[in-house]
Amino acid sequence: MDITFIFISFYLTPILSIIFCLNLVAILKKIKRDEKTATNTFWLTTSFLLIVWSIAVTAILGT
Numbered sequence: 000m001d002i003t004f005i006f007i008s009f010y011l012t013p014i015l016s017i018i019f020c021l022n023l024v025a026i027l028k029k030i031k032r033d034e035k036t037a038t039n040t041f042w043l044t045t046s047f048l049l050i051v052w053s054i055a056v057t058a059i060l061g062t
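This is the structure:
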């Protein structure tokens, strides 16, 4: 499990950051047009959670 978050921290964080930004922009556009944002909110929250969690676990492990 520790290796998983280290892998996410080093290799997938840039991809998760792009997903986060794209979903944030999509949500802002949908809010402006008064559309549903549930799917984008789910992916925004999931990507943010994985970014923060992997950085925290990597910091705790000291790697």
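For the sequence shown, position 14 matches number 13 in numbering that gives the first Met the number 0, and the numbering has no gaps at all.
By construction, the Cβ of each residue, glycine as well, lies at the ideal position given by its N, Cα and C atoms.
Quick caveat, the model's predicted, so the values are computed rather than measured.
For Ile50, count neighbouring C-beta atoms within 10 Å of its own C-beta (all shown protein chains included) and say buried if the count is 16 or more, exposed if not. buried
Cβ shell of Asn39 (< 6 Å), same chain only, five flanking positions each side left out: Asn22, Ala25 and Ile26
If we call anything under 7 Å between Cβ atoms a contact, is Phe19 one with Phe47? yes
For Thr45, the three-state DSSP class (helix, strand or coil): helix
I need the straight-line Cα distance from Thr45 to Ile14, nearest angstrom please. 13 Å
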